Amino acid sequence: MKRFLTFALAAALLTSCSDNDDNQIVTPVTPGDLAITLDTRVGSEDFALNKDFAIGGQTLNFNKFRYWVSNVVLVDTKGSEYVVPQSYYLMEEVGDLDLSGTINDKMTYPANKRETITLKDIPAGEYKTIKFSIGVDSKYNDNLSLKAGELTIANGMSNIAWMWHSSYLFTSVGGTVKKGADSKAFTAETGLNANYKSLSIDLPAPVNSSTSKGVVLNLDVTKVLDGIDVMANPAINAMTAPLMSTISTNYATKAIVFGSEAK
Numbered sequence: 036m037k038r039f040l041t042f043a044l045a046a047a048l049l050t051s052c053s054d055n056d057d058n059q060i061v062t063p064v065t066p067g068d069l070a071i072t073l074d075t076r077v078g079s080e081d082f083a084l085n086k087d088f089a090i091g092g093q094t095l096n097f098n099k100f101r102y103w104v105s106n107v108v109l110v111d112t113k114g115s116e117y118v119v120p121q122s123y124y125l126m127e128e129v130g131d132l133d134l135s136g137t138i139n140d141k142m143t144y145p146a147n148k149r150e151t152i153t154l155k156d157i158p159a160g161e162y163k164t165i166k167f168s169i170g171v172d173s174k175y176n177d178n179l180s181l182k183a184g185e186l187t188i189a190n191g192m193s194n195i196a197w198m199w200h201s202s203y204l205f206t207s208v209g210g211t212v213k214k215g216a217d218s219k220a221f222t223a224e225t226g227l228n229a230n231y232k233s234l235s236i237d238l239p240a241p242v243n244s245s246t247s248k249g250v251v252l253n254l255d256v257t258k259v260l261d262g263i264d265v266m267a268n269p270a271i272n273a274m275t276a277p278l279m280s281t282i283s284t285n286y287a288t289k290a291i292v293f294g295s296e297a298k
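Heads up, the sequence shown is in my numbering, so the first residue is 36 and it goes up one at a time.
Below, the structure is given as structure tokens:
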């Protein structure tokens with residue numbers, strides 16, 4: 036009888052431990068929010084509107100800087116990828132924009148500065164790589180009636196003149212350029228499916244989606260315009276395809292790098 040009681044007690048203890056172990060394994064960890072900031076720079080200086088910057092022997096003064104970030108993917112330390120749903124974000128620093136004639140007779144897009152994306156409900160984990168694209172993928176770029184994330188034609192980031200159909204502008208930067216006594220207004224825009232570019236940024240240390248405030252990426256406008264003479268080419272668009280391609284490639288290969296972990 037004593038042996039039976041001893042055996043029964045031992046079995047109960049083992050069952051209890053097994054149950055506790057199982058509970059520890061399956062207990063879910065609360066998802067977190069992760070912020071990605073793209074800190075716009077001009078070399079070592081902070082980007083600002085209506086301020087003179089010396090770039091490549093010219094003086095540039097910006098009145099707008101806008102671009103789409105899309106299809107964000109987070110890669111964890113095990114190599115698993117989390118595809119952020121509906122991830123289309125318009126990043127910008129603009130004053131009031133007159134959109135008259137692009138959408139309806141009278142419309143003003145209000146001044147706005149947006150450098151940070153907050154990714155919501157990210158599965159708990161340690162993430163080592165951030166992937167995303169600059170522009171809008173062909174599914175949505177070829178059909179502006181489709182909706183996803185922040186995509187809309189109501190913000191002036193579309194063009195009905197390119198390739199004889201409506202499509203999104205992927206990036207847009209403009210202002211004035213001066214060289215010596217000469218001064219010109221300039222606008223450099225990219226778009227079209229061939230210029231949809233993706234990039235991958237490895238972080239120096241993984242970030243925890245449940246505890247980290249996020250990461251800061253640096254975006255250098257001088258590198259966006261690397262190889263481009265805006266004084267000689269003040270209107271860059273689909274009619275200047277090689278220059279548009281250069282800007283798109285610059286975004287993907289040199290303009291955006293890791294800066295720091297958010298504080």
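Backbone N, C-alpha and C define an ideal beta-carbon position, used for all residues, glycine too.
Because the structure is a prediction, the values reported are computed rather than measured.
Item                                                                                                                                                          : Value
Check whether the Cβ atoms of Ser79 and Tyr162 sit closer than 8 Å, and answer yes or no.                                                                     : no
Between the alpha carbons of Lys148 and Ile282, how many angstroms are there, rounded?                                                                        : 22 Å
Indicate the three-state DSSP secondary structure (helix, strand or coil) for Tyr124 in the structure shown.                                                  : strand
Are Ala229 and Ile271 closer than 8 Å when you measure CB to CB?                                                                                              : no
Mapping DSSP to helix, strand and coil, what is Thr246?                                                                                                       : coil
Is Lys187 helix, strand or coil when you go by DSSP?                                                                                                          : It should be noted that the sequence gives Thr, not Lys, for residue 187. Looking at Thr187 - three-state DSSP - the assignment turns out to be coil, as it is neither helix nor strand.
Let me know if Ser194 comes out buried or exposed under the rule of 16 or more other beta-carbons within 10 Å of its beta-carbon.                             : A small correction: the amino acid at residue 194 is Asn; Ser does not occupy that position in the sequence shown. Asn194 comes out buried.
Tell me which same chain residues have a C-beta within less than 6 Å of the C-beta of Thr94, skipping the five on either side of it?                          : Asp87, Lys213
Which residue's Cα is closest to the Cα of Lys99: Asp156, Ala220, Pro239, Val171?                                                                             : Ala220
Is it true that the CB of Ala183 sits closer than 8 Å to the CB of Gln121?                                                                                    : yes
If you compare alpha carbons, which of Thr187, Val251, Ala273, Asn268 is closest to Ser12?                                                                    : Outside the shown range of the chain, which is 36 to 298, sits residue 12, and nothing can be said about it.
Got a sec, what are the start and stop residues for the alpha helix (DSSP H) Ser173 sits in?                                                                  : 173-176
Is Asn228 near the ligand FMN - that is, is its Cβ less than 7 Å away from at least one heavy atom of it?                                                     : Judged by which ligands are present, the structure shown has none, so any question about the ligand FMN falls away.
Using the Cα positions of Ala378 and Met266, report the straight-line distance between them to the nearest angstrom.                                          : No answer is possible for residue 378: the residues shown for the chain start at 36 and end at 298.
What is the DSSP secondary structure of Pro239, counted as helix, strand or coil?                                                                             : strand
Could you tell me the boundaries of the beta strand (DSSP E) in which Ile152 lies?                                                                            : 151-157
For Met192, count neighbouring Cβ atoms within 10 angstroms of its own Cβ and tell me buried if that reaches 16, exposed if not.                              : buried
Suppose you measure from the CA of Thr72 to the CA of Ala287; what does that come to, to the nearest Å?                                                       : 17 Å
Note down the Cα distance separating Met279 from Ser207, rounded to an integer number of angstroms.                                                           : 11 Å
Can the beta-carbon of Leu134 be found closer than 8 Å to that of Met126?                                                                                     : no
Leaving out five residues on either side along the sequence, give the residues of the same chain with a beta carbon under 7 Å from the beta carbon of Gly114. : none
Name the two residues that bound the continuous alpha helix (DSSP H) containing Leu181.                                                                       : Careful: Leu181 lies outside any alpha helix (DSSP H) and carries neither H nor E.
With H, G and I counted as helix, E and B as strand and the rest as coil, what does DSSP make of Leu278?                                                      : helix
Using only the alpha-carbon positions, how far apart do Phe82 and Gly91 sit?                                                                                  : 16 Å
Between which residues of its own chain and Val118 is the CB-CB distance below 6 Å, once the five residues before and five after are set aside?               : Val108
Taking a contact to mean a Cβ-Cβ separation below 8 Å, would you say Phe293 touches Pro239 in this structure?                                                 : yes
Residues in its own chain within less than 7 Å of Asn96 by CB, not counting five upstream and five downstream?                                                : Asn85, Lys86, Asp87, Gly210, Thr211
Within a Cβ cutoff of 8 Å, which residues of the same chain sit near Thr246, ignoring the five residues on either side of it in sequence?                     : Gly67
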